[in-house]
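Trainee: Top line first, the protein sequences correspond to chains B and D.
In this note's numbering, each residue carries its 1-based index in the first sequence increased by 10.
In this note's numbering, each residue carries its 1-based index in the second sequence increased by 1487.
Would you mind keeping the following structure in view while I ask a few things?
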Amino acid sequence: MTAVLENSAAPDATPEVGAVPSFDVTLRIRRFNPEASEAAAYWEEFTVTAYGTDRVLDAMHKIKWEVDGSLTFRRSCAHGICGSDAMRINGRNRLACKALLKDLDPSKPITIEPIKGLPVVKDLVVDMEPFFASYREIMPFLITSGNAPSAERLQSAEQRERYDDTTKCILCAACTSACPVFWNDGQYFGPAAIVNAHRFIFDSRDEGAEQRLEILNDKEGVWRCRTVFNCTEACPRGIEVTKAIQEVKRAMITRAF
Amino acid sequence: MQTHQYDVVIVGAGGAGMRAALESSTRARTAVLTKLYPTRSHTGAAQGGMCAALANVEEDNWEWHTFDTVKGGDYLVDQDAAEVMAKEAIEAVLDLERMGLPFNRTPEGRIDQRRFGGHTRNHGEAAVRRSCYAADRTGHMILQTLYQQCVKQEVSFFNEFYVLDVLLTEDLSTGEVPEGTPVRASCVVAYELATGEIHVFRAKSVVFATGGAGKIFKTTSNAHTLTGDGMALALRRGIPLEDMEFFQFHPTGLAGLGILLSEAARGEGGILRNSEGERFMERYAPTIKDLAPRDMVARAMANEVREGRGCGPEKDYVLLDLTHLEPAHIDAKLPDITEFARTYLGVEPYTEPVPVYPTAHYAMGGVPTTIDAEVLRNPTDVVGGLFAAGEVACVSVHGANRLGTNSLLDINVFGKRAGIAAAAYAATADWVDLPEDPTALVIGEIERMRDKAAGERVADVRRELQETMDANAQVFRTAESLEKARDDVRALKKRYLSVSVQDKGRRFNTDLLEAIELGFLLDLAEVVVAGALAREESRGGHFREDFPTRDDEKFLHHTMAYLRRGATPDETEVTLGTKPVTMTRYQPMERKY
């Protein structure tokens, strides 16, 4: 089925002076309605008019707001910081609010699917609970002993820099749901959980590294990583995810962090 | 329908909600209800920092911070509250550090600090380095750190639960409950997004930490989900909203998009320029220039554009120039915002100035509270067991204009106070009986919306609301523009009654929730405009071209807006009252920078 917006006709040959250039774009979206009598996933195409700075999220909003209100996806901040709208866009995990249509070759239909490896709830919405459960398991909080100091703990700029990259994580699941190991084995902790373990293991203030390494030494832990680098490519925050996982593996052997 | 019972129920899991939860969950049985996953809240979008007079890098003290907050708020700040915030700021920052927040560091390994708009040494002498920060993702780090601590403390979250009503023991919406009559909150009603099920959460204490309402405007830095839910729910139940006419327009939104570029860009040396390349802030604020408070900078920018010195083909924005800064310095201090410029506008900030224009950013007003976060139902009476903290609340520490970084401070200081106060109240209070049918209102509204076969589109009504607010109630306002906005909003409220949603399902019906959120936005826009029309003066973020000066004789008071029920259930009207401003140390002076 193809739904076409009434105003999505090709722009006039002589556009108004100063008008923002527009173009038509087709989104091919994987849909799933859990309440349908035969609940099976299917593809649906929508064509809408977009503008130069529009993101995939803008086109999806246009569909939801003007064509089909039942199209369902999560979103909030719309500029890549809340982590709500990770999706598989043209076969690659991205945030819909950070993927500009003009960068995706809008002359061909853009395919949009839910991220893989997590149960689909409706359309592009997946059940995030297994993802957050893995995150919670690696003790993602500062562990210290003794009395808390009255002022701040000291940390040099170099010590702070050591774990800077992994503090950027927004828990969007783009990395974990891009990992072929995770697709085949949902028990695997996955890149995001390891990234968040890394953030504390290499924090000079933290004293819980041994405990976290023990957790990740599990058969579903870091050793499942096959360094495919999908996670690094998927991360919308530019975190060197695979490198972080390798550093955790090394720490496991050398016990140096 | 399911019924739950907790000592404390916190609504919202942004910075204020989670900070409250960390306190109350160790003292009382606590649940946090959030319409998003906890780490999705818009606290995470805050960038520049959190001010506290740590004096780690230069002389500073909390009294200077208090003064700056009062002056920045154009003397509409309650000075006792500002003093509490500035004093407790120091411990609030240290709390976060002890929880593990990765602050940037000084060469000595202490928390580093940088300059921010309106924060000065010795009552305005020069900009002071007061903002504690983690690159330009301080809010992100606060949100993550608070969530990490909630995981550690095993706080109970109900994720993707939309709170759609709060029930009180008296009907305040008639305006007829006498002063002094005890009123308490008894429960909240929530809609579970995943199933469409209705839940009643009975609680001795309810804490609202639902954030702001930036989506009443079209150009905004706010998330799609910032629809003022908590403010509107309180308003509909007869609780007033304070100072809603004061809305902050952040100077540096990415032009055309509204995405926030932190004031930290100017704190690190960035300069605003007009089409002539002039550093125009030198004319508007000779002492601290680009680091003047946001209301002044936003107005200056809008004025440059209005007088024909805007940039670009439409001459409709100005430029934020970072090109004189070292790329390494930009990468270390401002990595995220420079990435936004690259991603969304294709501009390279190392070599090109970034197009910027003011964007609706922050509600200074909100649900009135005491300094212990207790909700007020009039200038003096609190609602027993109802608390509010963060952007939803108006303490008032921001007055007519919030200083940069004071929002992250507000959520930490007053979130903590709300959590402590809510647990303390629950420890001694009795349970109040639930009303006969607590879900009636919510179920009625949902069914009306979902069952209507066809009607007005949510998106059309919302777009028209946002457009009229941008056109008529933004940086510059007049009686004429505000009357236009008022008439438009009233007409849209009528059309809202015939709105229908296409998604008729029960599971994950975001179509339905957007319709309900639009109802909140309409009520709040009406209050913003009513307050703005009545306030015939210019103060902080509220600028009336027909009354361009501050008028302390007539308007040195808070606005209290009440939604009163009219003749029929669908008819309501906004009535305005006042509340005195608390002054302790500082008498109003002319506001110059």
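Think of the CB as a built atom: it goes at the ideal place given N, C-alpha and C, for glycine as much as any other residue.
Given this structure, state the Cα-to-Cα distance separating D/A1681 from D/E1967, to the nearest angstrom.
Mentor: So the alpha carbons of these two residues sit roughly 45 Å apart.
Trainee: Going by beta carbon distance, what residues of the same chain come within less than 8 Å of D/A1532, once the five residues before and after it are set aside?
Mentor: Same-chain partners within the cutoff: G1626, H1627, S1708, A1710, L1747.
Trainee: Is B/W75 closer than 9 Å to D/V1653 when the C-beta atoms are compared?
Mentor: No, the Cβ-Cβ distance between D/V1653 and B/W75 is not below 9 Å.
Trainee: Would you check if the distance between the CB atom of D/M1718 and the CB atom of D/A1905 is smaller than 9 Å?
Mentor: Against a cut-off of 9 Å, the Cβ pair of D/A1905 and D/M1718 comes out as no contact.
Trainee: Can you check whether the CB of B/L128 is closer than 9 Å to the CB of B/D137?
Mentor: Contact flag set, yes.
Trainee: Any residues in the segment 1931-1944 of chain D with a beta carbon nearer than 9 Å to a beta carbon of chain B? Which ones, in chain order?
Mentor: Cβ contacts with chain B: R1944.
Trainee: Please confirm if D/D1565 has its CB atom under 9 Å from at least one CB of chain B.
Mentor: No, D/D1565 lies away from the interface with chain B (no Cβ there is under 9 Å from its Cβ).
Trainee: Would the segment 204-221 of chain B and the segment 107-121 of chain B be scored as touching if the rule is three or more Cβ pairs under 8 Å?
Mentor: Because the criterion of three Cβ pairs below 8 Å is not met, the segment 204-221 of chain B and the segment 107-121 of chain B do not touch.
Trainee: On the premise that D/P1525 lies in contact with D/Y1678, defined as a C-beta separation below 8 Å, what is that separation, rounded to the nearest angstrom?
Mentor: Not quite, the Cβ-Cβ distance comes to about 18 Å (not below 8 Å), so this is no contact.
Trainee: For D/D2081, return the contacting residues in chain B, with the cut-off set at a CB-CB distance below 7 Å.
Mentor: Residue 2081 of chain D lies beyond the residue range present for chain D, which begins at 1488 and ends at 2080; the question has no answer from this structure.
Trainee: Between which residues of its own chain and D/A1461 is the CB-CB distance below 6 Å, once the five residues before and five after are set aside?
Mentor: Past the boundaries of the shown model lies residue 1461 of chain D; chain D is included only from 1488 to 2080, so the question cannot be answered.
Trainee: DSSP state of B/K253, grouped into three classes?
Mentor: B/K253 falls in the helix class under three-state DSSP.
Trainee: Indicate whether at least one CB of chain D lies closer than 9 Å to the CB of B/E250.
Mentor: It does not: the Cβ of B/E250 has no partner Cβ on chain D nearer than 9 Å.
Trainee: Suppose only complete runs of 3+ residues qualify. What are the beta strand (DSSP E) ranges in the segment 1555-1590 of chain D, listed by chain order?
Mentor: DSSP runs (the beta strand (DSSP E)) wholly in the segment 1555-1590 of chain D: none.
Trainee: Classify B/A23 as buried or exposed, calling it buried when 16 or more other Cβ atoms lie within 10 Å of its own Cβ.
Mentor: Note that B/A23 has pLDDT 44, beneath the 50 cutoff, so the model's placement of it is unreliable and the number below is only indicative. Its Cβ having fewer than 16 others within 10 Å, B/A23 is exposed.
Trainee: For B/Q5, return the contacting residues in chain D, with the cut-off set at a CB-CB distance below 7 Å.
Mentor: In the structure displayed, chain B extends from 11 to 267; residue 5 of chain B sits before or after that span and is not available.
Trainee: Alpha carbon to alpha carbon, how far is D/N1609 from B/K72? Give it in angstroms, no decimals.
Mentor: One C-alpha to the other measures close to 51 Å.
Trainee: Answer yes or no: does any C-beta atom of chain B fall closer than 9 Å to that of D/K1639?
Mentor: Yes, because at least one Cβ of chain B sits closer than 9 Å to the Cβ of D/K1639.
Trainee: Whose CA, out of B/T186, B/E224, B/R265, lies closest to the CA of B/R236?
Mentor: The option with the nearest alpha carbon to B/R236 is B/T186.
Trainee: Return the chain-ordered list of same chain residues with a C-beta closer than 8 Å to the C-beta of D/E1813, the five sequence neighbours on each side being excluded.
Mentor: Hits under 8 Å: none found.
Trainee: Within this structure, are the beta carbons of D/A1507 and D/L1523 separated by less than 9 Å?
Mentor: Going by C-beta atoms, D/A1507 is not nearer than 9 Å to D/L1523.
Trainee: How would you list, in chain order, the residues of chain D whose beta-carbon sits under 7 Å from the beta-carbon of B/F151?
Mentor: Those within 7 Å of B/F151 in chain D are G1587, Q1635, Q1636, V1638, K1639.
Trainee: As a quick exercise: from B/P31, B/S166, B/A202, pick the residue whose alpha carbon is nearest that of B/Y145.
Mentor: With distances taken between Cα atoms, B/Y145 lies closest to B/A202.
Trainee: Using the three-state DSSP reduction, which class does B/W53 fall into: helix, strand or coil?
Mentor: If DSSP states are grouped into helix, strand and coil, B/W53 belongs with the strands.
Trainee: What are the boundary residues of the alpha helix (DSSP H) that D/K1981 is part of?
Mentor: 1966-1983 is the extent of the alpha helix (DSSP H) around D/K1981.
Trainee: If you run the structure through DSSP and keep just helix, strand and coil, what is D/T2046?
Mentor: Here D/T2046 sits in strand by DSSP.
Trainee: Could you work out which residues of chain D lie near B/A298, taking near to mean beta carbons separated by less than 7 Å?
Mentor: Residue 298 of chain B lies beyond the range of chain B shown here (11 to 267); nothing can be said about it.
Trainee: From the DSSP output, read off the bridge partner residues of D/C1674.
Mentor: Partner(s): D/L1654, D/R1689.
Trainee: By the 9 Å beta-carbon criterion, what residues does the segment 131-146 of chain B contribute toward chain D?
Mentor: The segment 131-146 of chain B vs chain D, Cβ under 9 Å: V131, K132, D133, V135, D137, M138, E139, F142, Y145, R146.
Trainee: Is the segment 1748-1768 of chain D in contact with the segment 1595-1615 of chain D, if contact means three or more CB pairs nearer than 8 Å?
Mentor: Because the criterion of three Cβ pairs below 8 Å is met, the segment 1748-1768 of chain D and the segment 1595-1615 of chain D touch.
Trainee: Report all residues from its chain with a CB closer than 8 Å to the CB of D/E1839; omit the five preceding and five following residues, and keep chain order.
Mentor: T1810.
Trainee: Taking only the alpha-carbon atoms, compute the straight-line gap between D/D1565 and B/A88 and give it to the nearest angstrom.
Mentor: Going from the Cα of D/D1565 to the Cα of B/A88 covers about 34 Å.
Trainee: Taking 9 Å as the CB-CB limit, is D/A1681 close to chain B?
Mentor: Yes, its Cβ sits closer than 9 Å to a Cβ of chain B.
Trainee: Closer than 9 Å between beta carbons: that is the criterion. Which residues of the segment 1501-1527 of chain D meet it against chain B?
Mentor: Of all residues in the segment 1501-1527 of chain D, L1523, Y1524, T1526, R1527 have a Cβ within less than 9 Å of some Cβ in chain B.
Trainee: Decide yes or no for the touch test of the segment 1533-1551 of chain D against the segment 2044-2063 of chain D: beta carbon pairs closer than 8 Å, at least 3 of them.
Mentor: No, they do not touch.
Trainee: Return the chain-ordered list of same chain residues with a C-beta closer than 6 Å to the C-beta of B/L223, the five sequence neighbours on each side being excluded.
Mentor: Once the five neighbours on either side are set aside, the close Cβ partners of B/L223 are M262.
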